[in-house]
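Chemist: Mind having a look at this structure? Questions to follow.
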């Protein structure tokens, strides 16, 4: 079952779930996206005459603006939690793509293709449409331009793993100056709270999930891995497997972080008071502090470290000059 993920800031929970039986998500015209190069297309003008270029502008150069919803294929992208869920204080809505498409069969949904350079329209395709003047060739040109414009972004955005849902204006409701798409609430399969979510909002989300009989998760960042994991209300831990959230085979009985074995605890939670005492006893910095020598030691160590870094820097500069003169 293909899932879509919508990252949301904490202040819009009530507006998204304000209507009974539907979820209200904001759609946007591409011209209003955060990437200034949205809908940016170019063509190799060295290979095309001005009359053919004029034909391209006439038939495919002005891409229509359609309401677009931006989802992600992934629920565990930490920068997305930071950017779109307000520093992990918001939440993510998990949706069933198959069911969503069933409700909006005329919508177009595709993964975004990430490119190192601007999309270049095929000059030969433009020439063919211009020369033949056949409707199908012009239609193919328009389709190519639309796909390139709506489903291509710079590689710098690739971490988002974006999947776009494009609908017609007739499917949109205007509400408080926003373009709203109403999605039946049965398309929602889960809501994931951010690790820094406010306690009051977290409780609201938990209650709402119970009301609509959907799964609740809270994203967590562990100490043994940079990979986020997700905890349910009954403290079961899940990991994203690339397609969906699956329950981890083993997880720590104390902090719930997934672990590779069934020892019951992760290495961090397995630390005992005896271990902490031994670590403190062996810490040389504590001994220096007791003798009143720690501050002087740290200052001397910092000076030695700075001298070493300067020597390394000078060596690299000299080495670079030697390489340039030997060419």
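In the working numbering, the protein residues as written are 735 to 1061. The C-beta atom is built at its ideal place from N, Cα and C for all residues, glycine as well. Please read all numbers here as calculations on a predicted model, not as lab measurements.
Using only CA atoms, which one of 759, 946, 862 and 1012 lies nearest to residue 1093?
Modeler: An answer regarding residue 1093 cannot be provided, because it is not within the stretch 735 to 1061 covered by the chain.
Chemist: Please list, in chain order, all residues of the same chain as residue 816 whose beta carbon is under 8 Å from its beta carbon, the five residues on each side excluded.
Modeler: Position 82 of the chain shown, counted from the start, is the residue given in the question as residue 816. If we look at residue 816 and ignore the five residues flanking it on each side, its Cβ neighbours are 822.
Chemist: What are the boundary residues of the beta strand (DSSP E) that residue 1000 is part of?
Modeler: The residue given as residue 1000 occupies position 266 in the chain shown. Segment: none, residue 1000 is in no beta strand (DSSP E) and carries neither H nor E.
Chemist: Per DSSP, what kind of secondary structure is residue 847 in: helix, strand or coil?
Modeler: To locate residue 847, count along the chain shown from 1; it is residue 113. DSSP places residue 847 within a strand segment (E or B) once states are collapsed to three.
Chemist: What are the boundary residues of the alpha helix (DSSP H) that residue 1009 is part of?
Modeler: Sequence index remark: in the chain shown, residue 1009 carries index 275 (1-based). Residues 1007 to 1016.
Chemist: Can you check which of these residues, 1031, 800, 947 and 759, is closest to residue 840 by C-alpha distance?
Modeler: For the purposes of this step, residue 840 is identified with residue 106 of the chain shown, where counting begins at 1. Taking only the C-alpha atoms, the option nearest residue 840 is 800.
Chemist: Verify whether the separation of the beta carbon atoms of residue 921 and residue 829 is less than 8 Å.
Modeler: Stepping through the chain shown from its first residue, residue 921 is reached at position 187. Stepping through the chain shown from its first residue, residue 829 is reached at position 95. Yes, Cβ-Cβ distance for residue 921 and residue 829 is below 8 Å.
Chemist: Label residue 738 either buried or exposed according to how many other C-beta atoms from any shown protein chain fall within 10 Å of its C-beta, with 16 as the threshold for buried.
Modeler: Locating residue 738 in the chain shown gives position 4, counting from the first residue. Looking at its Cβ environment, which holds 16 or more other Cβ atoms inside 10 Å, residue 738 is buried.
Chemist: Thinking just about the alpha-carbon of each residue, which of 798, 985, 1007 and 784 is nearest to the one in residue 857?
Modeler: Walking along the chain shown from the start, residue 857 turns up at place 123. It is 784.
Chemist: Is DSSP giving residue 940 helix, strand or coil here?
Modeler: Start at 1 with the first residue of the chain shown, and residue 940 comes out as number 206. Looking at residue 940 - three-state DSSP - the assignment turns out to be helix.
Chemist: Rounded to the nearest angstrom, how far is the Cβ of residue 917 from that of residue 756, given a contact under 8 Å?
Modeler: Residue 917 sits at position 183 when you count from the first residue of the chain shown. Residue 756 sits at position 22 when you count from the first residue of the chain shown. Contact holds; Cβ gap of about 6 Å.
Chemist: Nearest CA to the CA of residue 1000: which residue from 1010, 989, 979 and 1006?
Modeler: Indexing the chain shown from 1 puts residue 1000 at position 266. The shortest Cα separation from residue 1000 among 1010, 989, 979 and 1006 belongs to 989.
Chemist: Under 7 Å Cβ to Cβ from residue 1023, same chain only, skipping five residues before and after it: list those, please.
Modeler: As a working note, residue 1023 is residue 289 in the chain shown. Within the same chain, residue 1023 has no close Cβ partners at all.
Chemist: For residue 1033, name the three-state secondary structure that DSSP assigns.
Modeler: Within the chain shown, the letter at position 299 stands for residue 1033. Helix at residue 1033.
Chemist: Compute the beta-carbon to beta-carbon distance between residue 803 and residue 899, rounded to the nearest angstrom, for a pair I have assumed lies under 8 Å.
Modeler: Reading the chain shown from its first residue, position 69 is the one you call residue 803. Reading the chain shown from its first residue, position 165 is the one you call residue 899. The Cβ separation is near 4 Å, so the contact holds.
Chemist: Where do the N-terminal and C-terminal ends of the beta strand (DSSP E) with residue 995 fall, by residue?
Modeler: Here residue 995 refers to the residue found at position 261 of the chain shown. Note, residue 995: premise wrong, no beta strand (DSSP E); not H, not E.
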